[in-house]
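**Student:** Below you'll find the structure I mean.
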DNA sequence: AACGACACCGAAATCGTTATCGATGCCTCG
DNA sequence: CGAGGCATCGATAACGATTTCGGTGTCGTT
């Protein structure tokens, strides 16, 4: 026997019998062909069965030139027969990379986050990365738990949009922990400078400015703003843009035309009193959910959209598309934002030299539909 | 020196200096405090620094009784200082469990899948499991790729809802591969018996039967069905339920009152011709997207909802809630379905003895809103 | 004084994989 | 016939953590 000089042939034979016997026992015990087949095969199993060493099997499967064609064929055949897949955990341990990123989202009911996530997922998958998701429900404690879970699961990086409460409380310690673990962080949409990490966002101020400007161009002069309570930085920026556009056109900014709703739910009654007391000819809403509900209220008050009141919202989602009338919106291009976030993160993970922290601004577009007139009144 | 009899004190000292030196070099090279701190600390690092063995550090961190209080305090202090976290990959390799499940969804634009996913995610997180998501876009090849990615990433189990194309082509091999890998599989909503795995679903036939029955009770006699092209088993079942209810009430089932739309997009023109040519007093739609669009068309034709035409849809989503009029729907209780799927899967993963394959039926409810009259006509 | 119990700690195996470094024959060439 | 090259393969370390087992010194008991 030409092989087997380093380990006695007898040992090999015995080992093989032991392996076979174990499988047989497993088979008999469960009495199910499927479970029998479902054993996770390792290099060791293949090696024992073929009576060659683990290294040889590994090299054969990896197309190493130092393995004879004959051996390689045998190995490949057996591997295929047993549906062998390398144990990814072992690989990760060696490579000390998991090809795995985590995403923390405030929620998933908003169409915006759904599309961002889609962008992240598709880009990451295309580069062979797995994506785990957690939700913060705009709650700081849940955000912390989510980050802990992701860090403990060994992700290479995290993409996150800040929970509302976190921005409100300015509680950054759980996020700084991410950097302390040497895990890369990318924030999108709701970002902060208090935590080291890249930022991907839209220019909220400018987009609101442009949307308001468009309403003014269409002949509107009494423009309302429906926003949420102020702790979300993006909404503050949008309000700034709204005010800037008004001032530039010499329209007075009246605080009574701004309604800040509690984020959790929209109260139709407060909308009714607002629109009843405050005559307006246009409304800018910081999301589509508020917009469609406001449109219902305004319609119920006997006003026509867009002739009497024009509406512009944010988020190019299903509600905007299929509302009646369909809603003109600022498209935040969530898909692009997701793609960019994933790209930035994965580039960082893959690069050896540390890259600088940077900020990216995704352009927005105004999608005009039937809630705004197509010509100046 | 009481300790150090197994390894010479000199070796220890040298090792510690080497460790310190390496860290120093890293520090100088990157010139960033943060990166300096961001080094991933291992048990080895702590052990070198404290001049004790790796085993001792491990036992100290795990509250082993055989470690002196003194030593444990020192270890814990250093671990905290360096933000030590055990390397999860190494743990997984030992435990041969990843505490990680994968989810494959046809898409995320449908509110239904969003809620199911939320249910899965929250339940899994509560039990310390990570959740990775992939999308099939109703495409068999992408479904296969997604499963490959998940299997390669070493998930303990997979939750999936079949891609439309997969059901159409009856292509099951990539799903059987999951079982062959010894990975547990749970299917929800769109399920099949051709693949070994648990099933969580609603009783589509019965829910459509009940919805149709309700319309009949409200005095409707000419009830239309808007469905998608037939390869989705759930929609076939719903059609059966619809037909059954008609027959039981001695209403004739007329094929012309059933419109099967291509899944990709709803063509308003075909809806217009359908409603123009086919006088109906009620419509059952297999999802909310079709329903709201049909409502727009019917409204445009001058009919009133619900007085002239009543509408019932599926999926209790944002569109149903905020459409005008708001839509009566069959609530599939996506959240419950997600929770149940995750529960079944994780129970299987955690149990040592193989459990039998089983099917679970989640009850549906009819959420009545303004698209159906509240009393009999 | 000798022996055993006990407290405390370290070495080594293990999980599955890859990469490095030998090691073995065989063949060829001088 | 011996040396060296080549083709082919195996042993081993390493990744980071846990756990079993064994070892050391101390102290108390007889």
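Chains as they are written, first to last, in our numbering: chain A, 1 to 377; chain B, 1 to 377. Where is the CB? At the ideal position from N, CA and C, for every residue including glycine. All values derive from a computational prediction rather than experimental measurement.
(1) Which of the three DSSP states, helix, strand or coil, is assigned to residue 393 of chain B?
(2) With 7 angstroms as the limit, tell me which residues of the segment 120 to 145 of chain A have their beta carbon closer than that to any beta carbon of chain B; keep them in chain order.
(3) Indicate whether residue 169 of chain B and residue 192 of chain B have their beta-carbon atoms separated by less than 8 angstroms.
(4) If the cut-off is 7 angstroms on Cβ atoms, which residues from the segment 145 to 166 of chain B count as contacting chain A, listed in chain order?
(5) I want to verify the contact list: residues of chain A whose CB lies under 8 angstroms from the CB of residue 403 of chain B, in sequence order.
(6) Going by C-alpha to C-alpha distance, which of A:110, A:117, A:108 and A:107 sits closest to residue 101 of chain A?
(7) Under 8 angstroms between C-beta atoms, does residue 265 of chain B make it to chain A?
(8) Is it right to say residue 235 of chain A is buried, meaning 16 or more other beta carbons lie within 10 angstroms of its own, or is it exposed?
(9) Can you tell me whether residue 25 of chain A is buried or exposed, with buried defined as 16 or more other CB within 10 angstroms of its CB?
(10) Find the residues of chain B that neighbour residue 61 of chain A, judging by a C-beta separation of less than 7 angstroms, and give them in chain order.
(11) What does the alpha-carbon distance come out to for the pair residue 188 of chain A and residue 316 of chain A?
(12) Taking the alpha-carbon positions, what's the residue 115 of chain B to residue 214 of chain A distance?
(13) Hey, is residue 348 of chain A's beta-carbon within less than 8 angstroms of any beta-carbon in chain B?
(14) Let me know the secondary structure DSSP gives residue 387 of chain B once reduced to three states.
(15) Residues of chain A with a CB under 8 angstroms from the CB of residue 260 of chain B: which are they?
(16) Taking DSSP as the reference, what is the three-state secondary structure of residue 185 of chain A?
(17) Using only the alpha-carbon positions, how far apart do residue 99 of chain B and residue 180 of chain B sit?
(18) Taking only three categories from DSSP, how would you classify residue 371 of chain A?
(19) Can you check whether the CB of residue 78 of chain B is closer than 8 angstroms to the CB of residue 50 of chain B?
(20) Looking only at its own chain, which residues have a Cβ that is under 7 angstroms from the Cβ of residue 6 of chain A, when we skip the five neighbours before and after it?
(21) Check for me: the beta strand (DSSP E) holding residue 312 of chain B runs from which residue to which?
(22) Residue 206 of chain B versus chain A: which residues are under 7 angstroms apart at the beta carbon?
(23) Going by DSSP, which residues form a beta bridge with residue 135 of chain B?
(24) Specify, as a first and last residue, the run of the beta strand (DSSP E) that residue 302 of chain B falls within.
(25) Suppose contacts are defined by Cβ-Cβ distances below 8 angstroms. Is residue 88 of chain A in contact with residue 132 of chain B by that definition?
(26) Alpha carbons only, please: which of A:278, A:286, A:217 and A:271 is nearest the one belonging to residue 296 of chain A?
(27) Please report the Cβ distance between residue 326 of chain A and residue 287 of chain A, rounded to the nearest whole angstrom; I am assuming they are in contact, meaning their Cβ atoms lie under 8 angstroms.
(28) Please work out which residues of its chain come closer than 6 angstroms, Cβ to Cβ, to residue 249 of chain B, disregarding the five sequence neighbours upstream and downstream, and give them in chain order.
(29) Would DSSP call residue 70 of chain A helix, strand or coil?
(30) With distances taken between CB atoms, is the gap from residue 200 of chain A to residue 362 of chain A smaller than 8 angstroms?
**Tutor:** Let's see:
(1) The shown model of chain B, from 1 to 377, leaves out residue 393 of chain B, and the question about it has no answer.
(2) 121, 125, 130, 131, 132, 133, 134 and 135
(3) no
(4) 149, 151, 152, 153 and 154
(5) The shown model of chain B, from 1 to 377, leaves out residue 403 of chain B, and the question about it has no answer.
(6) A:117
(7) no
(8) buried
(9) For residue 25 of chain A, the pLDDT reaches just 49, beneath the cut-off of 50, and the residue's location in the model is therefore unreliable, leaving the point undetermined.
(10) Chain B residues near residue 61 of chain A: none, gap ~14 angstroms exceeds 7 angstroms.
(11) 17 angstroms
(12) 36 angstroms
(13) no
(14) For chain B, the structure presents residues 1 to 377; residue 387 of chain B sits outside this window and is missing.
(15) Result: empty, since nearest Cβ-Cβ is about 20 angstroms, beyond 8 angstroms.
(16) Residue state, collapsed to three classes: strand.
(17) 20 angstroms
(18) When secondary structure is reduced to three states using DSSP, residue 371 of chain A falls in the coil class, being assigned neither helix nor strand.
(19) yes
(20) Bear in mind that a pLDDT of 41 at residue 6 of chain A, under 50, signals an unreliable position, so the model cannot answer this.
(21) Under the DSSP assignment, residue 312 of chain B falls in the beta strand (DSSP E) whose first and last residues are 310 to 314.
(22) Within chain A, no residue comes near residue 206 of chain B; the closest Cβ sits about 28 angstroms away, beyond 7 angstroms.
(23) B:105
(24) Looking at the DSSP string, residue 302 of chain B is not in any beta strand (DSSP E), and its letter there is neither H nor E.
(25) no
(26) A:271
(27) In fact, because the Cβ distance is near 16 angstroms, the residues do not count as touching under 8 angstroms.
(28) A distance below 6 angstroms between beta-carbons, with the five flanking residues on each side excluded, links residue 249 of chain B to the following residues of its chain, in chain order: 216.
(29) The answer is helix: DSSP assigns residue 70 of chain A an H, G or I state.
(30) Contact: yes.
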